[in-house]
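There are 2 protein chains.
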Amino acid sequence: MKIPRDDRRSTDSLRALQTPCLLLDEQRMDGNIARLRARLAAAGVGFRPHLKTAKSIEVARRLITGANGPAAVSTLREAEEFASAGITDLTYAVGISPCKLPRVQSIRKGGVALTVLLDSLEQAEAVAVASDPADPIPVLIELDCDGHRSGVKPGDSELLLAIARRLGPSACLRGVLTHAGESYEAESAAALRAAAENERASAVTAAQMLRAHGHACPVVSVGSTPTAHFAESYEGVTEVRAGAFVFFDLVQAGIGVCAENDIALSVLTTVIGHQREKGWTVIDAGWMALSCDRGTAGQPVDQGYGVVCDMAGRPIPGLVVVNANQEHGIVALRADARAGAPELPVGTRLRILPSHACATAAQHDRYHVIGAGGGDATAEWPRFTGW
Amino acid sequence: MKIPRDDRRSTDSLRALQTPCLLLDEQRMDGNIARLRARLAAAGVGFRPHLKTAKSIEVARRLITGANGPAAVSTLREAEEFASAGITDLTYAVGISPCKLPRVQSIRKGGVALTVLLDSLEQAEAVAVASDPADPIPVLIELDCDGHRSGVKPGDSELLLAIARRLGPSACLRGVLTHAGESYEAESAAALRAAAENERASAVTAAQMLRAHGHACPVVSVGSTPTAHFAESYEGVTEVRAGAFVFFDLVQAGIGVCAENDIALSVLTTVIGHQREKGWTVIDAGWMALSCDRGTAGQPVDQGYGVVCDMAGRPIPGLVVVNANQEHGIVALRADARAGAPELPVGTRLRILPSHACATAAQHDRYHVIGAGGGDATAEWPRFTGW
Numbered sequence: 490m491k492i493p494r495d496d497r498r499s500t501d502s503l504r505a506l507q508t509p510c511l512l513l514d515e516q517r518m519d520g521n522i523a524r525l526r527a528r529l530a531a532a533g534v535g536f537r538p539h540l541k542t543a544k545s546i547e548v549a550r551r552l553i554t555g556a557n558g559p560a561a562v563s564t565l566r567e568a569e570e571f572a573s574a575g576i577t578d579l580t581y582a583v584g585i586s587p588c589k590l591p592r593v594q595s596i597r598k599g600g601v602a603l604t605v606l607l608d609s610l611e612q613a614e615a616v617a618v619a620s621d622p623a624d625p626i627p628v629l630i631e632l633d634c635d636g637h638r639s640g641v642k643p644g645d646s647e648l649l650l651a652i653a654r655r656l657g658p659s660a661c662l663r664g665v666l667t668h669a670g671e672s673y674e675a676e677s678a679a680a681l682r683a684a685a686e687n688e689r690a691s692a693v694t695a696a697q698m699l700r701a702h703g704h705a706c707p708v709v710s711v712g713s714t715p716t717a718h719f720a721e722s723y724e725g726v727t728e729v730r731a732g733a734f735v736f737f738d739l740v741q742a743g744i745g746v747c748a749e750n751d752i753a754l755s756v757l758t759t760v761i762g763h764q765r766e767k768g769w770t771v772i773d774a775g776w777m778a779l780s781c782d783r784g785t786a787g788q789p790v791d792q793g794y795g796v797v798c799d800m801a802g803r804p805i806p807g808l809v810v811v812n813a814n815q816e817h818g819i820v821a822l823r824a825d826a827r828a829g830a831p832e833l834p835v836g837t838r839l840r841i842l843p844s845h846a847c848a849t850a851a852q853h854d855r856y857h858v859i860g861a862g863g864g865d866a867t868a869e870w871p872r873f874t875g876w
Numbered sequence: 490m491k492i493p494r495d496d497r498r499s500t501d502s503l504r505a506l507q508t509p510c511l512l513l514d515e516q517r518m519d520g521n522i523a524r525l526r527a528r529l530a531a532a533g534v535g536f537r538p539h540l541k542t543a544k545s546i547e548v549a550r551r552l553i554t555g556a557n558g559p560a561a562v563s564t565l566r567e568a569e570e571f572a573s574a575g576i577t578d579l580t581y582a583v584g585i586s587p588c589k590l591p592r593v594q595s596i597r598k599g600g601v602a603l604t605v606l607l608d609s610l611e612q613a614e615a616v617a618v619a620s621d622p623a624d625p626i627p628v629l630i631e632l633d634c635d636g637h638r639s640g641v642k643p644g645d646s647e648l649l650l651a652i653a654r655r656l657g658p659s660a661c662l663r664g665v666l667t668h669a670g671e672s673y674e675a676e677s678a679a680a681l682r683a684a685a686e687n688e689r690a691s692a693v694t695a696a697q698m699l700r701a702h703g704h705a706c707p708v709v710s711v712g713s714t715p716t717a718h719f720a721e722s723y724e725g726v727t728e729v730r731a732g733a734f735v736f737f738d739l740v741q742a743g744i745g746v747c748a749e750n751d752i753a754l755s756v757l758t759t760v761i762g763h764q765r766e767k768g769w770t771v772i773d774a775g776w777m778a779l780s781c782d783r784g785t786a787g788q789p790v791d792q793g794y795g796v797v798c799d800m801a802g803r804p805i806p807g808l809v810v811v812n813a814n815q816e817h818g819i820v821a822l823r824a825d826a827r828a829g830a831p832e833l834p835v836g837t838r839l840r841i842l843p844s845h846a847c848a849t850a851a852q853h854d855r856y857h858v859i860g861a862g863g864g865d866a867t868a869e870w871p872r873f874t875g876w
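This is the structure we're talking about:
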């Protein structure tokens with residue numbers, strides 16, 4: 490493969506980095522954000538980006554639509570980190586455990602509008618007991634719209650009403666929330682549209698039932714990256730959540746939610762060896778840099794631990810990371826590859842597109858940002874981990 | 490299940506921790522270290538523990554047999570971190586890329602006896618050029634004893650001698666190194682013994698060939714956690730490397746290298762919900778806390794994302810983490826479970842044994858140490874990540 494002259498600049502810039510490391514293509518990220526924002530704005534629905542994928546103040550500032558949010562988080566650590574940067578309109582979108590309520594209250598006392606999520610009477614009881622009636626903890630009831638994991642069945646009016654009653658006046662029922670997690674298994678655009686409509690209808694139906702029984706229920710929150718990009722109606726929905734779309738990944742490309750060239754993250758790596766009789770090229774990015782995620786294993790095209798690109802970010806046809814140890818990746822052609830593999834001498838730098846952006850990003854403590862002007866990877870944006 | 494009174498103390502101590510977090514059972518770790526040390530001492534062979542699993546100064550000090558090592562590392566970051574703590578006899582056991590040689594030289598100039606690994610003429614050329622003849626970089630040639638990943642075929646005398654010649658006087662050929670990575674796929678004690686003997690014979694044969702051609706080759710380094718525990722002879726071997734054994738995990742238990750109750754790591758988690766009609770208990774440890782590693786998927790007993798234990802660390806029969814999202818784990822009975830699942834109310838604390846200790850530990854920034862006296866998790870040992 491010939492590298493056009495325009496790419497030489499970025500080649501030089503990236504060559505100075507120690508490998509493996511995480512690259513973020515700012516232009517692609519900005520495009521992904523602009524696309525979803527425009528889609529939701531046209532539909533007249535609110536946008537509450539999920540910050541769990543990025544875990545970065547710099548990325549969060551580009552995602553949020555207001556000065557202080559809104560946003561969703563997956564850990565209280567995220568709530569604390571983003572709140573310290575002024576992002577204070579937050580939903581902690583994982584079912585609350587009673588032992589975390591003192592920390593929730595401490596965060597709220599710092600001026601953070603932190604809403605919690607629950608799907609059981611035990612949790613409602615704990616929140617009601619922990620709540621200060623002068624400043625009740627805002628609560629969303631989680632709905633299980635598609636059997637993916639947590640939540641009350643949307644038609645289980647008895648449990649929904651019992652939770653609402655148990656919260657009582659000392660906590661503040663704000664509404665319902667659901668996540669179409671099964672949309673990641675969709676195999677067609679029609680299936681994605683159906684998943685989105687099911688997500689919407691489940692949430693709206695439950696909210697209407699609660700309202701009919703005297704509960705205000707102002708918030709109807711839905712979202713997943715696939716459904717956010719395929720929903721045809723948001724009637725009755727007040728906000729959409731999505732997170733992985735900011736970077737996208739091979740799993741999303743595999744279900745048709747993005748194109749491979751929308752993927753904004755890649756892992757920069759260096760060739761350290763070969764087993765030529767097997768067609769293997771060995772790189773210095775193993776699962777520690779790529780993550781163990783094998784999300785495309787069940788898709789029509791198994792992309793292994795990631796798609797191999799040249800330094801300019803262009804996929805090398807058919808070449809993937811077929812296996813990964815801690816600090817070794819094995820690059821080889823997919824079984825269905827039609828082209829031969831190029832010679833990649835020791836020292837060659839490559840970029841690996843991630844199977845699952847959330848998991849790959851989590852293995853790194855910073856993003857090396859390739860600016861929207863193209864070429865230079867000069868900025869470093871820190872990211873945090875932990876709970 | 491009834492919790493004996495003796496366990497109540499640890500129950501109280503662990504209840505104060507935020508979940509999810511990583512627990513380290515010091516007594517089990519010490520037992521694992523003592524067992525392998527005694528085995529290798531009885532065989533009269535040297536021990537070079539691999540520090541990539543622990544990435545902790547405190548654990549490293551218990552692993553090493555001398556004041557400054559010896560030890561193996563998988564990244565230059567590990568070399569720098571451990572060297573700063575006085576552990577300076579180090580082998581960087583991943584094939585060297587030429588772009589890392591300036592950093593290797595910088596580390597060596599700080600007084601670290603850092604040895605590098607290679608398996609090609611290109612690397613030998615780069616090391617020879619980078620080496621200071623007054624202080625040549627010590628080199629081991631990597632051998633591929635079982636087709637696992639990197640290395641020269643042990644019988645490829647032509648390439649081995651060409652590498653040795655190319656290194657010449659400006660670098661210092663110290664010997665050969667091999668890793669029986671395929672031993673993780675062994676299905677019997679006999680297969681493990683055979684893998685260990687093949688590992689030994691491959692390394693010794695290559696070293697003898699090099700010596701016969703005038704290369705001193707004082708180091709013959711072998712090792713993997715499975716073979717280190719099953720080798721019957723170390724004749725001709727000078728040192729054994731192993732890393733994962735310090736904590737052990739379900740993959741190692743699955744191939745019979747340890748018992749489940751040797752596993753020294755676990756992830757402390759809290760129950761946050763249920764889908765009772767499916768037999769699901771939802772916990773606040775997803776793949777972010779457990780890792781995406783599914784290493785037992787190909788073993789006779791698939792332990793999912795980990796085995797579920799009570800607060801005292803006792804496995805609950807048949808209960809595993811069957812699925813994991815970023816911050817949610819789904820606990821359910823294995824298909825082959827004979828006992829029913831106990832009721833685990835919201836707020837219940839559980840401990841999850843890791844599928845792969847290296848991968849699970851990498852998701853955390855510290856160990857909460859349950860002291861050898863039992864009971865209290867008072868100490869925190871930091872661990873580092875990155876390259």
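Chains as they are written, first to last, in the working numbering: chain E, 490 to 876; chain F, 490 to 876. Even for Gly, the Cβ is constructed at its ideal location relative to N, Cα and C.
Chain-ordered chain E contacts of Ser563/F [CB-CB under 7 angstroms]: Working through the second sequence from its first residue, we reach residue 563/F at position 74. By Cβ distance, chain E contributes Gln815 and Glu816.
Between Gly860/E and Ala868/E, what straight-line distance do the alpha-carbon atoms span, to the nearest angstrom? Residue 860/E sits at position 371 when you count from the first residue of the first sequence. Residue 868/E sits at position 379 when you count from the first residue of the first sequence. A direct Cα-Cα distance of roughly 8 angstroms separates Gly860/E from Ala868/E.
Can you name, in chain order, every residue of its own chain whose Cβ lies under 6 angstroms from the Cβ of Ala821/F, other than the five neighbours on each side? Translated into positions along the second sequence, residue 821/F becomes position 332. So the list reads Gly768, Trp769 and Val811, once near-sequence residues are dropped.
Whose CA, out of Tyr673/F, Pro834/F and Ala669/F, lies closest to the CA of Ala690/F? Taking the first residue of the second sequence as position 1, residue 690/F is located at position 201. Each of Tyr673/F, Pro834/F and Ala669/F was checked against the Cα of Ala690/F, and the nearest Cα belongs to Ala669/F.
Starting from the C-beta of Pro625/E, find all residues in its chain whose C-beta is less than 7 angstroms away, skip the five residues before and the five after it, and write them out in chain order. Reading the first sequence from its first residue, position 136 is the one you call residue 625/E. Taken in chain order, the residues that qualify are Ser659, Ala660 and Cys661.
Around the C-beta of Pro834/F, are 16 or more other C-beta atoms found within 10 angstroms, so that it is buried, or is it exposed? Numbered from its first residue, the second sequence carries residue 834/F at position 345. Exposed is the call here.
So is Pro587/E in contact with chain F if we call contact Cβ pairs under 9 angstroms? Numbered from 1 along the first sequence, position 98 holds the residue referred to as residue 587/E. Yes, its Cβ sits closer than 9 angstroms to a Cβ of chain F.
Anyone know if the C-beta pair for Leu779/E and Thr849/E falls short of 9 angstroms? Taking the first residue of the first sequence as 1, we reach residue 779/E at position 290. Taking the first residue of the first sequence as 1, we reach residue 849/E at position 360. Yes, the pair counts as a contact, with Cβ atoms nearer than the cut-off.
How should Val618/E be labelled, buried or exposed, when 16 other C-beta atoms within 10 angstroms of its C-beta is the threshold for buried? Here residue 618/E refers to the residue found at position 129 of the first sequence. Answer is exposed; the Cβ neighbour count stays below 16.
Ser639/F: contacting residues in chain E (beta-carbon distance under 8 angstroms): For the purposes of this step, residue 639/F is taken as residue 150 along the second sequence, with counting starting at 1. Contact of Ser639/F with chain E by beta-carbon distance below 8 angstroms involves Ile761, Gly762, Gln764, Val771 and His817.
In the DSSP output, which residue or residues are listed as bridge partners for Phe536/F? In the second sequence, residue 536/F corresponds to position 47, counting from 1. Answer is Val729/F.
Please check if any C-beta of chain E sits within less than 9 angstroms of the C-beta of Cys847/F. Within the second sequence, numbered from 1, the residue matching residue 847/F stands at position 358. Closer than 9 angstroms: yes.
Asn687/F in three-state terms, based on DSSP: Translated into positions along the second sequence, residue 687/F becomes position 198. Collapsing the DSSP output to three states places Asn687/F in a helix.
Since Asn812/E sits in a beta bridge, which residues does DSSP pair it with? Residue mapping note: residue 812/E aligns to position 323 of the first sequence, counting from 1. Partner(s): Ile819/E.
With three or more beta-carbon pairs closer than 8 angstroms as the criterion, would you say the stretch 677-686 of chain E touches the stretch 713-728 of chain E? Segments in contact, yes.
If we ignore side chains and look at the alpha-carbon of each, how far apart do Gly787/E and Gly599/E end up? Position 298 of the first sequence, counted from the first residue, corresponds to residue 787/E. Position 110 of the first sequence, counted from the first residue, corresponds to residue 599/E. One Cα belongs to Gly787/E, the other to Gly599/E, and the distance between them is close to 44 angstroms.
Compare the Cα-Cα distances from Gln764/F to each of Leu506/E, Leu607/E, Ile522/E and Arg550/E and report the closest residue. For the purposes of this step, residue 764/F is taken as residue 275 along the second sequence, with counting starting at 1. Minimum Cα distance to Gln764/F is reached at Leu607/E.
With the cut-off set at 9 angstroms, would you say Asp738/F and Ile752/F are in Cβ contact? The sequence position of residue 738/F within the second sequence is 249, counting from 1. The sequence position of residue 752/F within the second sequence is 263, counting from 1. Result yes, Cβ atoms of Asp738/F and Ile752/F sit closer than 9 angstroms.
Evaluate the contact criterion for the stretch 692-712 of chain F versus the stretch 647-657 of chain F: three or more CB pairs, one atom per stretch, below 8 angstroms. Yes, the stretch 692-712 of chain F is in contact with the stretch 647-657 of chain F.
Name the residue from Pro559/E, Ser563/E, Thr508/E and Glu515/E whose alpha carbon lies nearest to the alpha carbon of Thr727/E. Numbered from its first residue, the first sequence carries residue 727/E at position 238. Taking Thr727/E as reference, the option from Pro559/E, Ser563/E, Thr508/E and Glu515/E with the minimal CA-CA separation is Pro559/E.
Name the residues in the stretch 598-626 of chain E whose C-beta lies less than 7 angstroms from a C-beta of chain F; which are they? Along the stretch 598-626 of chain E, going in chain order, the ones with a CB nearer than 7 angstroms to a CB of chain F are Asp608, Ser609, Glu611 and Gln612.
Local Cβ density within 10 Å of Ala828/F, reported as buried at 16 or more and exposed below that: Counting from 1 along the second sequence, the entry for residue 828/F is found at position 339. Exposed.
Against chain E, does Arg730/F count as a neighbour if the rule is that its beta carbon must be under 9 angstroms from one of theirs? Taking the second sequence and counting its residues from 1, the one referred to as residue 730/F is at position 241. Not closer than 9 angstroms to any Cβ of chain E, the Cβ of Arg730/F fails to qualify, so no.
Who are the near neighbours of Thr508/F in its chain, counting only those whose CB is closer than 6 angstroms to its CB and skipping five residues on each side? Locating residue 508/F in the second sequence gives position 19, where the first residue counts as 1. If we look at Thr508/F and ignore the five residues flanking it on each side, its Cβ neighbours are Leu757, Thr758, Thr759 and Asp773.
Report the residues of the stretch 532-554 of chain F with a CB closer than 8 angstroms to any CB of chain E, ordered along the chain. Result list: Lys541.
Would you mind reading off the limits of the beta strand (DSSP E) that contains Leu629/E? Reading the first sequence from its first residue, position 140 is the one you call residue 629/E. In the DSSP annotation of this structure, the continuous segment of the beta strand (DSSP E) that includes Leu629/E starts and ends at Pro627 to Leu632.
Beta-carbon neighbours of Thr874/E, restricted to chain F and to distances below 9 angstroms: Locating residue 874/E in the first sequence gives position 385, counting from the first residue. Listed by position along chain F, the residues whose Cβ is nearer than 9 angstroms to that of Thr874/E are Met777, Gln852, His853, Asp854 and Thr874.
Hey, how far is the Cα of Val858/E from the Cα of Leu610/E? Working through the first sequence from its first residue, we reach residue 858/E at position 369. Working through the first sequence from its first residue, we reach residue 610/E at position 121. Distance between the alpha carbons of Val858/E and Leu610/E is about 46 angstroms.
Nearest-angstrom Cα separation, counted from Cys847/E out to Ala543/E: Numbered from 1 along the first sequence, position 54 holds the residue referred to as residue 543/E. Numbered from 1 along the first sequence, position 358 holds the residue referred to as residue 847/E. Straight-line measurement puts the Cα of Cys847/E at about 7 angstroms from the Cα of Ala543/E.
Could you confirm whether any beta carbon from chain F is found closer than 9 angstroms to the beta carbon of Gln507/E? The residue you call residue 507/E lines up with position 18 of the first sequence. For Gln507/E, the closest Cβ of chain F is nearer than 9 angstroms.
Would Asn812/E pass as an interface residue toward chain F - the criterion being a Cβ-Cβ separation below 9 angstroms? Looking up residue 812/E in the first sequence gives position 323. So, interface residue.
Count the other CB atoms within 10 Å of the CB of Gln516/E; is the residue buried (16 or more) or exposed (fewer)? Stepping through the first sequence from its first residue, residue 516/E is reached at position 27. Gln516/E should be labelled exposed.
Listed in chain order, which residues of the stretch 774-808 of chain F have Cβ atoms closer than 8 angstroms to some Cβ of chain E? From the stretch 774-808 of chain F, only Trp776, Met777, Ala778, Ser780, Cys781, Asp782 and Arg783 have a Cβ closer than 8 angstroms to chain E.
Does any CB atom of chain E fall closer than 9 angstroms to the CB of Asp496/F? What you label residue 496/F is simply residue 7 of the second sequence in a count that begins at 1. Any reading at Asp496/F needs caution, since the residue's pLDDT is 46, under 50, leaving its predicted position unreliable; the model's value is listed next. It does not; no Cβ of chain E falls within 9 angstroms.
Beta bridge counterpart(s) of Gln764/F as assigned by DSSP: In the second sequence, the residue the question calls residue 764/F occupies position 275. Listed as beta-bridge partners of Gln764/F by DSSP are Trp769/F.
Using 9 angstroms as the threshold, is the C-beta distance between Asn521/E and Cys747/E below it? The residue you call residue 521/E lines up with position 32 of the first sequence. The residue you call residue 747/E lines up with position 258 of the first sequence. In this structure, Cys747/E lies closer than 9 angstroms to Asn521/E by Cβ.
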